[in-house]
Amino acid sequence: EKTQELQTSEMRYRTLIDNVPDVVYSLDSTGHFIEVNPAVTQMLGYSRDELLGEHFAKVLHPDAVGKASQSFGELVKGKRDRTIGLQLDVVTKKGNIKIGELNARAIYDKKGHFLRTEGIVRDITERKRQEEQLKFLAGVVENVMEAVVIADGEGVITYVNPTACSAFGYTKEELQGEVASILISGNSQVIFQEILESVYEGDWEGEVLAITKSGRKFPLWLRTSGLRDEQGEVTAFVTVSRDITEQKAAEEKLQRYALLLEMKVREKTKGTETLLKTSYALRSTSNWKEGMEIITKGIVEGLGFDRAAVFFVNEHEGILECKGQLNISEKFLRVTVSLTDDRYAAVRCVNEKRPVLVKDSSTDSRVKAHLEEAKEFVWVPILFQSEVLGAILADRKRSLNPIETEDVDMLELYANQIAEFIERTRLVVEPEEEKQVSTPLKYDVELREVYLIEEERPEKAYDMFADLVKHGFRGFGICRTHPGKVREKYGLEKTPVMWLSEIERRQVEQVGPQDIPKLVYLVSEFIKRAQPAVVIVEGVEYLVVQNDFRTVLKLLNTLSDYVATSESVLLLPVNPHALPEHQYVMLKRAFRVVSE
17 EKTQELQTSE
27 MRYRTLIDNV
37 PDVVYSLDST
47 GHFIEVNPAV
57 TQMLGYSRDE
67 LLGEHFAKVL
77 HPDAVGKASQ
87 SFGELVKGKR
97 DRTIGLQLDV
107 VTKKGNIKIG
117 ELNARAIYDK
127 KGHFLRTEGI
137 VRDITERKRQ
147 EEQLKFLAGV
157 VENVMEAVVI
167 ADGEGVITYV
177 NPTACSAFGY
187 TKEELQGEVA
197 SILISGNSQV
207 IFQEILESVY
217 EGDWEGEVLA
227 ITKSGRKFPL
237 WLRTSGLRDE
247 QGEVTAFVTV
257 SRDITEQKAA
267 EEKLQRYALL
277 LEMKVREKTK
287 GTETLLKTSY
297 ALRSTSNWKE
307 GMEIITKGIV
317 EGLGFDRAAV
327 FFVNEHEGIL
337 ECKGQLNISE
347 KFLRVTVSLT
357 DDRYAAVRCV
367 NEKRPVLVKD
377 SSTDSRVKAH
387 LEEAKEFVWV
397 PILFQSEVLG
407 AILADRKRSL
417 NPIETEDVDM
427 LELYANQIAE
437 FIERTRLVVE
447 PEEEKQVSTP
457 LKYDVELREV
467 YLIEEERPEK
477 AYDMFADLVK
487 HGFRGFGICR
497 THPGKVREKY
507 GLEKTPVMWL
517 SEIERRQVEQ
527 VGPQDIPKLV
537 YLVSEFIKRA
547 QPAVVIVEGV
557 EYLVVQNDFR
567 TVLKLLNTLS
577 DYVATSESVL
587 LLPVNPHALP
597 EHQYVMLKRA
607 FRVVSE
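Everything in the sequence shown is counted per this note's numbering, starting at 17 for the first residue and increasing by one.
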């Protein structure tokens, strides 16, 4: 009867061992398997019979053998009676690497002689991957420029990132455990309660007056979302915020200028009307070239200046470059000035972020080099918040009328119009990951290269583009072909594609063929955000027709410079029969040619 009970107990034990999801094993004194349960097949792909009699090193990564052998040896020699939580890289039958967490103990006979080890190995590969992902995401949150505050369902703070600590003047320890309303000034309880109630219905976003530990109050733009459990109940609140002090100051400055504008209405009717017309005209376009024409025309017609030009900062090359002019010359559009050369009034204006009015360039000590071609002129910075976008040049070279302080004030209003226009229209194309495929890459391309694809119809170029974005590249297309057709034909669901066209449509993102500054901006900003990146520009011939070959060649060389200094590739499909031979030869010399 006792034997029967032992057999029954052993059968239950065997059934239990055979059905646990973790690998259960036993090793003899030399490290060879004497028992292993069926779970080993699920984890490593080996059958039980394939491992019995094999040394444990068979299933370990070479780098893990030393650590495992040391632990096993200590068990055999009695230096320890068990091993807890040992993490090892194991190798499956197919050669894949997984991470196992091992717990083992030594079994001895009644005389204390070693018999065997028994152990359990759990597959923690997915858990480790999730831990690494959480570590990465935590690192992102720790380093973002926005203040991040997480509170529980009662509004008690459980986490703050370093930016939040810096913004509010507290340490993490001081904030954790406090009610989040401590960070909101005024009748904060009412505002805080309003935020909490709104989050139960959906996200809340808006401006609040925040307060630091020292009592300083400042405007804060805040967005709060609720984290919900499986039942849909809000269990925590995540708040992301940013200090908008500079933005509010800019808004107040605009309001002051608006008041100044109102006071000048009777005296400067024409100037005011022109400014309003300029503002209205700018809202009707997103084309940067047209925008510069509208601005320079407004400055000349509305403020009585004879000539005007708009320069923008090119951070990549460290220069100021002319992007629009009126009544100077087309050659002026090719003028550039190094941002480190403070001999020029333009550079001083940008670096000091304030207007530079020069009454006499021959005697003004600030001016040691000239590009203005006038005795009296003014430079006004184009500012968005604290960022310098460029500068406006204006003079009265022909009329010789003096430039007054009120003229400079009005010119600053035009600079604000430009800043608002640029900020409204400078799209940031966010990189998106396309659905990946497991097939090999069809095209072997090198990073930092521009490929000129010779073909009458851009089929190979798009095939290369689609192949790359489905193998890890982030893609961006600027195309003459309608974006909808491109996405449908090449199976692109997420990759951003813009239409290269003069026609503006709300239904599709578009960039004009003559809007060269925006083309450069779009591509350069995308490349900064996406590594590795692939960009296709279809319509080189169209760009030449709409501009001139010299302008287009300069554009392509500029894009090539950005590509050469980043992990990216640029594809240029071109019909070799659509351009004059001498122009096409210049393109072939500049870029790597891929024949149809």
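Don't be surprised by glycine CBs; every beta carbon is placed ideally from N, CA and C.
None of these values were measured; they are calculated from a predicted model.
Which residues DSSP lists as bridging residue i, in chain order
i    : result
P235 : L225
F328 : E337, G406
I136 : V40, N119
T379 : DSSP lists no partner for T379.
R244 : V250
F400 : E403
E470 : V590
S295 : Bridge partners of S295: none, in fact.
G491 : V550
T108 : DSSP, once it has assigned bridges, lists no residue as partnering T108.
F130 : Y124
A259 : It should be pointed out that residue 259 corresponds to Asp in this sequence rather than to Ala. Per DSSP, L236.
F393 : V374, D411
W220 : T240
V513 : G493
beta-carbon residue i near the ligand NAP non-hydrogen atom, thresh 7 Å
i    : result
G222 : No copy of the ligand NAP appears in this structure; indeed no ligand is present at all.
Same chain only: Cβ atoms within 6 Å of residue i, ignoring 5 sequence neighbours per side
i    : result
M59  : V39, D139
E283 : Confidence at E283 is low in this model, with a pLDDT of 49, below 50, so its placement is unreliable and no value can be given for it.
A385 : R359, Y360
F542 : V445, F492
D219 : S241
Q599 : F565
S582 : I543
Minimum C-alpha distance to residue i - residue among the options
i    : options                : result
E448 : R440, K413, C338, H487 : H487
K233 : A390, R239, V254, L199 : L199
K534 : G507, E504, D380, I494 : I494
V75  : G89, I100, K114, K93   : K114
K347 : E541, P456, E337       : E337
G171 : L405, A163, E194       : E194
S42  : V36, I50, T356         : I50
F565 : L586, E439, E597       : E597
G169 : M161, K144, Y216       : Y216
A61  : T108, N53, L587        : Here residue 61 turns out to be Gly, not Ala, going by the sequence shown. Residue T108 is the option with its Cα nearest to G61.
Y459 : T99, L575, L587        : L587
Q103 : R96, V92, G116         : G116
N563 : F437, V553, I532       : I532
E331 : T574, G69, D34         : T574
N591 : V250, V524, V556, L572 : V556
A252 : R299, T174, T312       : T174
R412 : K229, R145, W395, I166 : W395
M161 : A167, V176, V524       : V176
Neighbour-count burial assignment, residue i, 16 or more Cβ in a 10 Å radius
i    : result
I123 : exposed
M480 : buried
V36  : exposed
G406 : buried
Q271 : exposed
I519 : exposed
D259 : buried
P78  : exposed
V601 : exposed
V206 : Low local confidence applies: a pLDDT of 49 at V206 is under 50, so the model's placement there is unreliable, with the coordinate-based value given in what follows. Answer is exposed; the Cβ neighbour count stays below 16.
D423 : buried
G82  : exposed
V453 : exposed
L292 : exposed
Q526 : buried
Same chain, Cβ closer than 8 Å to residue i, five either side skipped, listed in chain order
i    : result
T187 : C181
V363 : L336, V353, S354, L355, T356, D357
K604 : L468
V92  : S45, A122, F130, T133
H593 : E472
Within-8 Å CB hit, residue i to chain D
i    : result
F393 : Looking for chain D here will not work: only one protein chain is present.
Neighbourhood of residue i by C-beta, 7 Å cutoff - its chain only, sequence neighbours within 5 removed
i    : result
N367 : D358
K369 : P397, L399, V404
R442 : Y537
P235 : E223, L225, I260, T261, K264
F321 : I315, A410, D411, R412
L118 : T99, L102, L104, G135, V137
**Message:** List, from N- to C-terminal side, the alpha helix (DSSP H) runs of 4 residues or more that fit wholly inside the region 515–587.
**Reply:** 532–545, 556–562, 565–580
**Request:** Return the chain-ordered ranges of every beta strand (DSSP E) run that is complete within the region 160–220 and spans a minimum of 3 residues.
**Result:** 163–168, 173–176
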